[in-house]
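Peer 1:
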Ligand SMILES: [Zn+2]
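Numbering (UniProt numbering), first residue to last: 1 to 390.
Written out as structure tokens, the structure is:
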């Protein structure tokens, strides 16, 4: 018997991930088709399919159409082999979902937040996660992990380095949750998690190069290059809310002036005095629906500023698609037109072809589902591979 070297074991893991991802995308699919799609030989596909089926990750659903000879058995990814919990921490609210391994939501929970101290938020988060875990249907693996999206910068160990809107600094959230729950936990920036959610399960499934803009209490972006999240040299890429769009503009808490998020996020409500009838997006949407002129005008102006910042990002990254998510995406009826108009007027002509601007398909759930996906991808194999859609 040959000894498997480290390299062979890695190759096997990579092939296993490629096969699983191919079956997930193309199911129901035969072994021969998987072999043709991946370029792996039939014996390798057969062996790994057998192993994945023995681990409950694949199911055979009976014969498909034959192209001559014996009818092939078709394979499905077993999305109900386990469940994940995804949580999004926002400034005023915490929301959570229980999903299967294909990102389908089985249960949801939410809680409003007034206190932001680390201890009380962590306690409430643990309670919400436990509540969702109890709702999981029986499955071979049970709860496979937990993902959390937070409004701040996160390092590779799941420590929240800096979350100015929560007043958090150096919080080892992953370590704390893993100790309490005894399960693997991943922590991501909320925009990065949202980008993953839309890429895997939402409006970005056919894109390889995509920008996800999360517009809410600030602005963050998730950058997907060639199917993979781009995090930068130390993991802080995507802090686009602090790019300057007004040279001598308003002073920002980051120390700069004229930052994008002062004009194109919920921060733009702050200096409007009595002209706006509310300070929360959900309330302003109700006023806009009733025809409140100043609110509608403000949303249109906010859309214009969103468009200006998106133009800068589009000229820099040349994405196939830009997806706008976060709480402000709920105001798409009023911000969408001015936003698209500004991008159409201002981006370089080469970008206009084949580039589309969409609002998040998963709506306000992109981040939670993306956070759950993070846990799922850890479980299915730490080797990350991306498989082209066609
Ligand atoms: Zn700033």
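C-beta atoms are modelled at their ideal positions from N, C-alpha and C, and glycine is treated no differently. Since this is a predicted model, take the numbers as computed values, not measurements.
State buried or exposed for residue 174, treating a residue as buried only when at least 16 other CB atoms are found within 10 Å of its CB.
Peer 2: Counting C-beta atoms within 10 angstroms of its own C-beta, residue 174 has 16 or more neighbours from the protein chains shown and is therefore classed as buried.
Peer 1: Just to confirm the assignment: which complete beta strand (DSSP E) runs, minimum length 3, are found wholly within the stretch 282-327?
Peer 2: 321-325
Peer 1: Given a cut-off of 9 Å, decide if residue 276 and residue 298 are closer than it, judged by their beta-carbon atoms.
Peer 2: yes
Peer 1: For ligand 1, is there a heavy atom less than 8 Å away from the beta-carbon of residue 306?
Peer 2: no
Peer 1: Just list the residues that DSSP pairs residue 75 with in beta bridges.
Peer 2: Answer is 29 and 60.
Peer 1: Which residue comes first and which comes last in the beta strand (DSSP E) that contains residue 189?
Peer 2: 185-189
Peer 1: If you reduce the DSSP assignment to three classes, tell me which class residue 378 lands in.
Peer 2: helix
Peer 1: Measure the C-alpha to C-alpha separation of residue 84 and residue 287 and round it to an integer number of angstroms.
Peer 2: Each residue's alpha carbon lies about 37 Å from the other.
Peer 1: Span of the alpha helix (DSSP H) holding residue 338?
Peer 2: 332-346
Peer 1: Distance check for residue 136 and residue 120, CA to CA, integer angstroms please.
Peer 2: 25 Å
Peer 1: Pull the bridge partners of residue 87 from the DSSP assignment, please.
Peer 2: DSSP, once it has assigned bridges, lists 96 and 148 as partnering residue 87.
Peer 1: Decide if residue 23 is buried, meaning its Cβ has at least 16 other Cβ atoms within 10 Å, or exposed.
Peer 2: buried
Peer 1: For the pair the stretch 362-370 and the stretch 196-211, tell me if three or more CB-CB distances fall below 8 Å.
Peer 2: yes
Peer 1: Mind checking which residues open and close the beta strand (DSSP E) that includes residue 101?
Peer 2: Bounds of any beta strand (DSSP E) do not take in residue 101, whose DSSP letter is neither H nor E.
Peer 1: Can you give me the C-alpha to C-alpha distance between residue 346 and residue 226, rounded to a whole angstrom?
Peer 2: 25 Å
Peer 1: I want to check one thing, is the minimum distance from the CB of residue 165 to the heavy atoms of ligand 1 below 8 Å?
Peer 2: no
Peer 1: Determine the direct distance from the alpha carbon of residue 171 to that of residue 165, and round the result to whole angstroms.
Peer 2: 14 Å
Peer 1: Hey, would you say the C-beta of residue 255 is under 8 Å away from at least one heavy atom of ligand 1?
Peer 2: yes
Peer 1: Short of 7 Å in beta carbon distance, which residues of its chain neighbour residue 320, apart from the five on each side in sequence? Order them along the chain.
Peer 2: 207, 208, 209, 210, 354 and 355
Peer 1: Where does residue 69 sit, in a helix, a strand or coil, going by DSSP?
Peer 2: coil
Peer 1: Is the distance from the Cβ of residue 245 to the Cβ of residue 258 below 9 Å?
Peer 2: yes
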